[in-house]
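Since the structure comes first, as structure tokens, the remarks are kept for the end.
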Amino acid sequence: MKDYAMLALLLDRLIHGTVLIYRGPEEWRREAGARPAPDPGELAGLADRLLDGEPSPYMAAQLRAMRAVARHLAGERLPLAGFAGEVLGVRPGWRPEEEFARAHDLLDRALPKGPGTLAVRLAAWQDVHRLTRMELLPELVAEAAAECRARTEALVGLPDSDRLDCRVVGGVPYHAAGHHDGGSRSTIYVNGDLPFNVADLLYVVAHEGYPGHIAESLVISRTGLPEQRVRFMLSPSFLVSEGLGLCAQEIVFPGGQAREWLDSAVLPRLGIRPDGADLAAIHTFRNVVWGVWANAAFLAAEGRPDGEVAAYLSRWALLSEEEAGLALAHVRPSVLTPYLFGYSEGWRVVKERIGTPDQIRHLLSGRALP
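This is the structure in structure tokens:
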């Protein structure tokens, strides 16, 4: 177990932030930090030796992912699909634009009627639902989290109750993040530098909280394998976790229930008039267009010009020119590129596995593999 933890911690020194969870002994973390600069080739060899020891399926999947990352850092350059497949356990492919066209049709029917292109209508709808008083966000998140948790508890059960806080933060590279702090405390962090769409409240809180990341961490902390105390981000478990997050609202608010809850509990007191938009369809559109980002990563890996990649993102993901320009940093080739496929492929894998409470419990256990 120590060698497995050290492998993850040493890789985290090379790519900071790739160890999502560490619950092992602090002396191991200190030892990893005190060692000489890690050699990625040696880390790949360590992964090979640990794989020879017949680890559990979960650990083996993590080890294969860490080995692929170490080999990449050592200079081995697989084609993008092959590298992502080694890391995530699912080999991604080009998503046909017909999928995105159908998603555009779905969005067209879901949004209120209005002038302009589909992108203009989406931006206008988002602007109407923009939270103008960010000081209210912690209260709104707390209310949404309580509802999401109660529904998750009724559906699949959860371990002992936890206290959830919301913190609005700045200067972070994410929109929102859910974290189980250990014991009975959890936190949802929301990026206060970005606009917050109140219509996305349950979509965000279910993803980051219940039955998404925090619920998963709670279950793992009570019933997990010893090796789950160390969780490497670029791995099959990440793919399943993000797929669960993207399906989370649908699991506990099927059909139009998210719309109904927001219309009754949130929008009136914010002075936002319910408009009848189909939130479930809008959020399905958002899940589908993760495939646009994946395709953009393939285009960038082929060496296509930035302008062409940005135009592709604008055309199919309905990003503004500014948003598409910012997105380029995320789709250009790097050791972190498989991160994008964790969303596009994770959603496709998990949405086929959420039919019964037992299936959802298995996903929450963190042991499900693609």
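In my numbering, the protein residues as written are 897 to 1266. A virtual CB, placed ideally from N, CA and C, is assigned to each residue, including glycine.
A contact between stretches requires three or more CB pairs, one per stretch, nearer than 8 Å, and the segment 1091-1107 meets this requirement with the segment 1041-1060. Remark: C-beta atoms of proline 934 and arginine 909 approach each other more closely than 9 Å. Contact between isoleucine 1147 and isoleucine 1250 holds, with the beta-carbon distance rounding to 6 Å and staying under 8 Å. For proline 992, the number of other beta carbons within 10 angstroms of its own is below 16, and it is reported as exposed. Contact between valine 1245 and alanine 1193 does not hold, since the beta-carbon distance rounds to 18 Å and is not under 8 Å. Straight-line measurement puts the Cα of glutamate 1241 at about 18 Å from the Cα of histidine 1258. By the 16-neighbour rule on beta-carbons within 10 angstroms, alanine 1102 is buried. For arginine 1125, there is no enclosing beta strand (DSSP E), as DSSP marks it with neither H nor E. About 4 Å separates the beta carbon of alanine 1015 from that of leucine 1214, a gap short enough to meet the 8 Å contact definition. For valine 1086, the enclosing beta strand (DSSP E) has its first and last residue at 1081-1087. Assigned with DSSP and collapsed to three states, glycine 981 falls in helix. Distance from alanine 977 to glycine 989 at the Cβ level is roughly 6 Å; contact confirmed, criterion being Cβ atoms closer than 8 Å. For the pair glutamate 923 and leucine 1140, the Cα-to-Cα distance works out to about 33 Å. Taking one beta carbon from each stretch, the segment 1216-1236 and the segment 1189-1208 have 3 or more pairs nearer than 8 Å; the two touch. Here glycine 1078 is bridged, per DSSP, to Arg1081. Secondary structure of valine 1100 (DSSP, three-state): helix. Within the same chain, and ignoring the five residues on either side of aspartate 1171 in sequence, the residues whose Cβ sits closer than 8 Å to its Cβ are Pro1008, Trp1021, Val1024. Proline 1229 has its alpha-carbon roughly 16 Å from the corresponding atom of glutamate 982. Per DSSP, valine 1068 lies in no alpha helix (DSSP H) segment and is marked neither H nor E. For isoleucine 1147, the enclosing alpha helix (DSSP H) starts and ends at 1132-1148. For isoleucine 1116, the secondary structure class from DSSP, reduced to helix, strand or coil, is helix.
The residue from Phe996, Arg926, Val965, Thr914 with its alpha-carbon nearest to that of valine 1188 is Phe996. Between the segment 1025-1038 and the segment 1054-1067, the count of C-beta pairs closer than 8 Å reaches three or more; the two stretches touch.
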